[in-house]
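Chemist: Chains C and D supply the protein sequences, listed in that same order. The numbering of the first sequence is our numbering, which starts it at 16 and goes up by one. The numbering of the second sequence is our numbering, which starts it at 3 and goes up by one. Ideal placement from N, C-alpha and C gives every residue a C-beta, glycine not left out.
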Amino acid sequence: NAGVTQTPKFQVLKTGQSMTLQCAQDMNHNSMYWYRQDPGMGLRLIYYSASEGTTDKGEVPNGYNVSRLNKREFSLRLESAAPSQTSVYFCASSEVEAGTDTQYFGPGTRLTVL
Amino acid sequence: GENVEQHPSTLSVQEGDSAVIKCTYSDSASNYFPWYKQELGKRPQLIIDIRSNVGEKKDQRIAVTLNKTAKHFSLHITETQPEDSAVYFCAAKKAGYGNKLVFGAGTILRVKS
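Structural data, given as structure tokens:
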């Protein structure tokens, strides 16, 4: 099993450009999440999807959109990138119904917006 | 909503010493408290967790304690080794909110050999 995978690993954008971060998991998990990680601020939830077909805002959703394409895939889109969105983005998945709450993280995408 | 505070922000210990990281949470309805370890340039990985019906949990050199009355929980690492050097994050989750975790800001642990 690959677990949680993310593409790309690195990306540089200019202000105003758009891009989509891709995430996929092969653990048959129902729930998926997008976080951003900034120095000294821990992991902040952007959006999450409790199950296929549902998405909800997290703590810092402004400037982002998401799509739960199917059970495996959950993408994050930046429509008009801003320097404040420079960060490391992590996707995660979990299976609450199995009685566990462990979130498994992807390797991250390091995004720089100039 | 839930707020999680984590202290200290940095911690340096000598190899073989113990390290303790503390977190406080604001919402008494939170019932699940995991700890994640993140090595430089890598993804966060769960190292131990505790549920609100348990006061302490151990796994080899790592232990977590929970005080529900005071709303705080702590990570204890004994006999620290250089490979314990990493950033550690605590988190809290409230029942009925899917699996949304609220993370602390992290503690940089440096183990000096």
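For the beta strand (DSSP E) that contains arginine 87/C, what are its first and last residues?
Modeler: Counting along the chain, arginine 87/C falls outside any beta strand (DSSP E), and DSSP gives it neither H nor E.
Chemist: Mind listing, in chain order, the continuous beta strand (DSSP E) runs of no fewer than 3 residues lying wholly within the segment 46-123 of chain C?
Modeler: Fully enclosed beta strand (DSSP E) runs of 3 or longer: 46-52, 58-64, 79-83, 89-93 and 102-109.
Chemist: On the three-state DSSP scale, how would you describe proline 84/D?
Modeler: Proline 84/D: helix per DSSP, three-state reduction.
Chemist: Taking its Cβ as the centre, do 16 or more other Cβ atoms sit within 10 Å of glycine 18/D, making it buried, or is it exposed?
Modeler: Under this definition glycine 18/D is an exposed residue.
Chemist: Identify whether asparagine 33/D lies in helix, strand or coil by the three-state DSSP scheme.
Modeler: Residue state, collapsed to three classes: strand.
Chemist: Looking at chain D, is there any beta carbon in it that lies within less than 8 angstroms of the beta carbon of glutamine 26/C?
Modeler: Not an interface residue.
Chemist: Residues of chain C with CB closer than 7 angstroms to the CB of glycine 18/D, please, in chain order.
Modeler: Simply none; closest approach about 29 angstroms.
Chemist: Can you tell me whether phenylalanine 105/C is buried or exposed, with buried defined as 16 or more other CB within 10 angstroms of its CB?
Modeler: When all chains shown are included, phenylalanine 105/C counts as buried.
Chemist: How about the segment 15-33 of chain D and the segment 69-87 of chain D: do they share at least three Cβ pairs that are nearer than 8 angstroms?
Modeler: Yes: the two stretches touch, three or more of their Cβ pairs being nearer than 8 angstroms.
Chemist: Can you list, in chain order, the residues of the segment 33-65 of chain D whose Cβ is nearer than 9 angstroms to any Cβ on chain C?
Modeler: Listed by position along the chain: Tyr34, Pro36, Tyr38, Gln40, Gly43, Lys44, Arg45, Pro46, Gln47, Leu48, Asp51 and Arg53.
Chemist: When you compare the segment 38-48 of chain C with the segment 87-97 of chain C, are there three or more beta-carbon pairs, one atom per stretch, that lie closer than 8 angstroms?
Modeler: The segment 38-48 of chain C is in contact with the segment 87-97 of chain C.
Chemist: What are the residues of the segment 83-109 of chain D that lie near chain C, defined by any Cβ-Cβ distance shorter than 7 angstroms?
Modeler: Residues passing the 7 angstroms Cβ filter: Phe91, Lys95, Gly100, Asn101, Lys102, Leu103, Phe105, Gly106, Ala107 and Gly108.
Chemist: Expressed to the nearest angstrom, what Euclidean distance is found between the alpha-carbon atoms of glycine 106/D and phenylalanine 35/D?
Modeler: Near 11 angstroms, if we compare the C-alpha coordinates of phenylalanine 35/D and glycine 106/D.
Chemist: Taking the alpha carbon of leucine 129/C as the point to measure from, which residue in Ala107/C, Ser108/C and Lys29/C has its own alpha carbon closest?
Modeler: It is Lys29/C whose Cα lies nearest to the Cα of leucine 129/C.
Chemist: For chain A, find out if any of its Cβ atoms is closer than 8 angstroms to the Cβ of glycine 55/C; answer yes or no.
Modeler: In summary, chain A is missing from the structure at hand, where the protein chains are C and D.
Chemist: My guess is that glycine 31/C and alanine 96/C are in contact by the Cβ rule of under 8 angstroms, so how many angstroms apart are they, rounded?
Modeler: Indeed, because the Cβ distance is near 7 angstroms, the residues count as touching under 8 angstroms.
Chemist: Determine the direct distance from the alpha carbon of glycine 55/C to that of asparagine 33/D, and round the result to whole angstroms.
Modeler: Rounded to the nearest angstrom, the two C-alpha atoms are 25 angstroms apart.
Chemist: Quick one: complete beta strand (DSSP E) runs, 3+ long, within the segment 18-64 of chain D?
Modeler: With a minimum length of 3 residues, the continuous beta strand (DSSP E) runs that stay inside the segment 18-64 of chain D are 21-27, 32-40, 47-53 and 58-61.
Chemist: Note down the Cα distance separating alanine 107/C from valine 56/D, rounded to an integer number of angstroms.
Modeler: Computed Cα separation, rounded: 26 angstroms.
Chemist: DSSP has glutamate 7/D in a bridge; who is on the other side?
Modeler: Paired residues: Thr26/D.
Chemist: Opposite serine 115/D in the DSSP bridges: which residues?
Modeler: Note: serine 115/D sits in no beta bridge, so no partner.
Chemist: When you measure from the CB of phenylalanine 105/D to every non-hydrogen atom of the ligand ADP, does any distance come out below 7 angstroms?
Modeler: Among the components of this structure there are no ligands whatsoever, and the ligand ADP is therefore not found.
Chemist: How about leucine 60/C: is its C-beta nearer than 8 angstroms to some C-beta of chain D?
Modeler: It does; some Cβ of chain D falls within 8 angstroms.
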